[in-house]
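Asker:
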Amino acid sequence: MRRSGLSKISLAVLCVPAALVAQTLTREGGRWVQTITGTTPAAARLRVNSQGPVHLEGRAANEITYTAKLSVQVRSEDDARRILSRYALRVASAGDLVVLTAPGGPVATTLSIRAPRLNAATITTPDGGIEANAIDGILEVTTGAGEVKCDRIRGDCNLSTGGGDIQTGEVDGDLQASTAGGRIMVKNVRGDAVLQTAGGDVEVTDAGSTVHADTAGGTIRVGSAGGAVSASTGGGSIIVGKAGGIVTARNVAGPVQVGAAAGVRCESGTGGIRVSNISGPMDVSTAFGSIVASLLSGRPLSDSFLATGNGDITALIPSNVGVTIRAQSDRRIVSDFPGVTVRVRGPLVVAEGAVNGGGPVLRISGAGGTINIKRQ
605 MRRSGLSKIS LAVLCVPAAL VAQTLTREGG RWVQTITGTT PAAARLRVNS QGPVHLEGRA
665 ANEITYTAKL SVQVRSEDDA RRILSRYALR VASAGDLVVL TAPGGPVATT LSIRAPRLNA
725 ATITTPDGGI EANAIDGILE VTTGAGEVKC DRIRGDCNLS TGGGDIQTGE VDGDLQASTA
785 GGRIMVKNVR GDAVLQTAGG DVEVTDAGST VHADTAGGTI RVGSAGGAVS ASTGGGSIIV
845 GKAGGIVTAR NVAGPVQVGA AAGVRCESGT GGIRVSNISG PMDVSTAFGS IVASLLSGRP
905 LSDSFLATGN GDITALIPSN VGVTIRAQSD RRIVSDFPGV TVRVRGPLVV AEGAVNGGGP
965 VLRISGAGGT INIKRQ
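Reading the sequence shown from the start, the letters are residues 605 to 980 in the working numbering.
#1: Should D731 and R649 be called a contact, given that it needs their Cβ atoms to be closer than 8 Å?
#2: Hey, R806 and G822 are a contact pair by Cβ (cut 8 Å); roughly how many whole angstroms apart?
#3: In three-state DSSP terms, what is D818?
#4: So that I know if they touch, is there some Cβ in chain D lying closer than 8 Å to that of K791?
#5: Tell me R854's beta-bridge partners as DSSP assigns them.
#6: To which residues of the same chain is V938 closer than 6 Å at the C-beta, ignoring the five residues directly before and after it?
#7: Residue range of the alpha helix (DSSP H) that E667 falls in?
#8: Just verifying my parser: in three-state terms, what is the DSSP assignment at R685?
#9: Can you look up R690 in the DSSP assignment and give me helix, strand or coil?
#10: When you compare the CB positions of K978 and L905, do they come within less than 8 Å of one another, or not?
#11: Taking its Cβ as the centre, do 16 or more other Cβ atoms sit within 10 Å of T945, making it buried, or is it exposed?
#12: Put F909 into one of helix, strand or coil per three-state DSSP.
#13: Starting from the N-terminal side, write out each stretch of the beta strand (DSSP E) that is 3 residues or longer and does not extend beyond the region 708-777.
#14: Alpha carbon to alpha carbon, how far is D810 from G827?
#15: Quick one: is N762 buried, meaning 16 or more other Cβ sit within 10 Å of its Cβ, or exposed?
#16: So which of G973, V888, S923 has the shortest CA-CA distance to R936?
#17: Does the region 861-879 touch the region 833-853, meaning 3 or more C-beta pairs lie closer than 8 Å?
#18: So, K673 versus V703, is the Cβ gap smaller than 8 Å?
#19: Would you kindly report the start and end of the unbroken beta strand (DSSP E) that includes L899?
#20: Return helix, strand or coil for V925, following the three-state DSSP convention.
This is the structure we're talking about:
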């Protein structure tokens, strides 16, 4: 992913002429709050260093306009005024970059910003939710704790929170999203997506390229991906509707389901696996659970392997796909195809033979259940 370089720039920063309006102090709960509004000339890039929640809207104004709520938790209005006089919101520029910096210290800040077209935006805060919409280029967001939302991002997008959900609408570039605890929900990303959470569900409605999703515990659901999908969870379902590449799924405890893919590599510790419309190699195994594998009609299969430590295995083969079966089970094997011979070999039941004229080898190994080789 390309980086905007806003956090690395080292330039002489000049104060920006800005129109400021400070309202009188008001009491809100246990805090004294001062609201400041201001404007500053348009710039192509914006960096926001906040001490609380931030809401940024691009393509929404001819200038950069902002409203800042500064609050302190003290007993008296005089104490609040004294503190706020020492900690002020700073606005500065360096070339095509405008920087808004919240005061910090004992002052908490909530920022709402409306800006013209932005080629890049970077927002950081140690605590608080962040929302950014309609950015024409790169967006980088980091919060120590809080929910992150964005939509209509025309460039790459890098989102990080120390705890909270991440939700994205339309992202035209690559997407990186990570949270130390929370859900990740992606509506549409055209580039590659790398999604990581230490605990929570991951859901992608539509991805134009590859998807890498990792959660320590939760469901992973990918509706459609233009490329390969890699999904890993410590517990929960993995569901992939359709993938243009190979699906790699690892599930410690839970089921796996793939609707269509150019190949699958699936592992589950405890849980059934169902793969459908597979046109490439299959490498599918579960320690405890049943497997159902359906081949894609009219598309050749590569050498493949299905195995379970305890459960049934069902292979569904279309009439226009040729494979060579090599199967073994400690229980029973049932085949719809006369070319597949089933016999007993020592403690095992084995089956071998050509289906639809033969082809790539489909090896099947089952324990504690029945192997079914069926017509589709």
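Cβ coordinates follow ideal geometry from the N, Cα and C atoms, glycine included.
Answerer: On the basis of the data shown:
#1: The Cβ atoms of D731 and R649 lie no closer than 8 Å to each other.
#2: Strictly speaking, residue 806 in this sequence is Val, with Arg absent from that position. The C-beta separation of V806 from G822 comes to about 7 Å, placing the pair in contact by the 8 Å criterion.
#3: The DSSP-derived three-state label of D818 is strand.
#4: Checking the listed chains, one finds no chain D in this structure; it contains a single protein chain.
#5: Its beta-bridge partners are S836, E871.
#6: The residues are N976.
#7: It is not in any alpha helix (DSSP H) - E667 carries neither H nor E in the DSSP assignment.
#8: Here R685 sits in helix by DSSP.
#9: Three-state result, R690: helix.
#10: No, the Cβ-Cβ distance between K978 and L905 is not below 8 Å.
#11: Exposed is the call here.
#12: Note: F909 maps to strand in three-state DSSP.
#13: The qualifying runs are 712-718, 724-729, 734-739, 742-747, 752-757, 761-765, 770-775.
#14: Roughly 6 Å between the two C-alpha positions.
#15: By the 10 Å Cβ count, N762 comes out buried.
#16: The option with the nearest alpha carbon to R936 is G973.
#17: Counting Cβ pairs under 8 Å, three or more are found: they touch.
#18: Between K673 and V703, the C-beta gap is not smaller than 8 Å, which leaves the two residues out of contact.
#19: Looking at the DSSP string, the run of the beta strand (DSSP E) that includes L899 is 895-899.
#20: V925: coil per DSSP, three-state reduction.
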